[in-house]
Amino acid sequence: MRNTKAFKEAVAETLAELAGRGVTLTSATVEDTIERNVQAVAAQLGIQVRSAWRYFDAAALADTIADSVQEFEASSSDKEAGQAPMPPRDNPELTLILAGVPDGLAQTGGDLYAVILNVAVNAWMAGHLHGEDGCEGCEGSRGPSGHDWQARMRTLNEMQPDITKWFDRDVWTRALNSTGFTVTRT
173 MRNTKAFKEA VAETLAELAG RGVTLTSATV EDTIERNVQA VAAQLGIQVR SAWRYFDAAA
233 LADTIADSVQ EFEASSSDKE AGQAPMPPRD NPELTLILAG VPDGLAQTGG DLYAVILNVA
293 VNAWMAGHLH GEDGCEGCEG SRGPSGHDWQ ARMRTLNEMQ PDITKWFDRD VWTRALNSTG
353 FTVTRT
């Protein structure tokens with residue numbers, strides 16, 4: 173389905189309609205939504221997928237998506253859902269994770285997925301470790317090093333990561349580019 177002219181036109185029209193409504197989504201998200209909707213129409217009506225295209229309306233789909241995005245944003249801002257707490261800007265662990273991205277790209281040969289996975293796992297672990305001080309279910313799970321978050325921060329501070337350097341977007345981008353890899357939008 174995705175290789176058809178109708179599908180490609182539907183994606184382009186829907187993205188244009190969404191842009192007109194001030195909603196920005198990746199084309200992959202729109203593609204998945206269109207595919208699900210067209211297949212659902214075909215299944216519901218008992219017709220072939222290629223016949224279901226006559227029921228496709230990019231403007232109506234864009235309205236539905238825009239409404240869903242607005243509802244989510246409204247419900248999220250009320251409850252602050254989806255807003256992860258940011259550690260202090262001088263957090264040495266966050267600095268080391270951020271600083272590791274250019275090295276990770278160089279070590280993996282530019283495998284952005286592997287680098288993002290590494291950052292996500294490290295951030296997840298850092299968040300969990302920070303929360304373990306009050307986590308009764310985590311007692312005894314860390315072995316001899318225990319759960320002392322303050323001791324962990326002292327150890328990281330002793331490494332003296334250059335916090336100012338790694339929170340400067342231009343410095344970070346230059347370090348990333350020095351690996352021979354860049355992240356560009358196509």
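Position one of the sequence shown corresponds to residue 173 (my numbering), numbered consecutively onward. Yeah, the Cβ is synthetic: ideal placement off N, Cα and C, and Gly gets one too. None of these values were measured; they are calculated from a predicted model.
With DSSP collapsed to three states, give me the class of residue 209. Indexing the sequence shown from 1 puts residue 209 at position 37. Helix.
When burial is assigned at 16 or more other CB atoms within 10 Å of the CB, is residue 271 buried or exposed? Counted from its first residue, the sequence shown places residue 271 at position 99. When all chains shown are included, residue 271 counts as buried.
If you compare alpha carbons, which of 348, 194 and 203 is closest to residue 284? The sequence position of residue 284 within the sequence shown is 112, counting from 1. Of the listed residues, the one whose Cα sits closest to residue 284 is 348.
Got a sec? Which residues, its chain only, sit under 7 Å from residue 351 by beta carbon, not counting five neighbours each side? Here residue 351 corresponds to residue number 179 of the sequence shown, with the count starting at 1. Hits under 7 Å: 274, 277 and 278.
Applying the criterion that 16 or more other CB atoms from any shown protein chain within 10 Å of the CB defines a buried residue, is residue 245 buried or exposed? As a working mapping, residue 245 is identified with position 73 in the sequence shown. Within 10 angstroms of the beta-carbon of residue 245 lie fewer than 16 other beta-carbons, which makes it exposed.
Is any non-hydrogen atom of the ligand COA found closer than 6 Å to the C-beta of residue 267, if you look at the structure I gave you? No copy of the ligand COA appears in this structure; indeed no ligand is present at all.
Distance, Cα to Cα, residue 173 vs residue 228? As a position in the sequence shown, residue 173 is number 1, starting the count at 1. As a position in the sequence shown, residue 228 is number 56, starting the count at 1. Looking at the two C-alpha atoms, the distance is approximately 14 Å.
State whether the segment 177-192 contacts the segment 202-218, with contact taken as three or more CB pairs (one from each stretch) at a distance under 8 Å. Touching, yes.
Under 7 Å between C-beta atoms of residue 182 and residue 219: As a first step, residue 182 is located in the sequence shown; it is residue number 10 there, counting from the start. As a first step, residue 219 is located in the sequence shown; it is residue number 47 there, counting from the start. Cβ distance not < 7 Å, so residue 182 and residue 219 don't count as in contact.
Measuring straight from C-alpha to C-alpha, what distance separates residue 184 and residue 234? Walking along the sequence shown from the start, residue 184 turns up at place 12. Walking along the sequence shown from the start, residue 234 turns up at place 62. Answer to the nearest angstrom: the Cα atoms are 11 Å apart.
In the DSSP assignment, the alpha helix (DSSP H) including residue 280 goes from what residue to what residue? As a working note, residue 280 is residue 108 in the sequence shown. Where residue 280 is concerned, the enclosing alpha helix (DSSP H) stretches over 264-280.
Give the C-beta separation of residue 282 and residue 353 to the nearest angstrom, bearing in mind that I take them to be a contact with Cβ-Cβ under 8 Å. To locate residue 282, count along the sequence shown from 1; it is residue 110. To locate residue 353, count along the sequence shown from 1; it is residue 181. With 8 Å as the limit, residue 282 and residue 353 qualify as a contact, their Cβ atoms being about 4 Å apart.
Beta carbon of residue 221, beta carbon of residue 214: below 7 Å? Numbered from 1 along the sequence shown, position 49 holds the residue referred to as residue 221. Numbered from 1 along the sequence shown, position 42 holds the residue referred to as residue 214. Yes, the pair counts as a contact, with Cβ atoms nearer than the cut-off.
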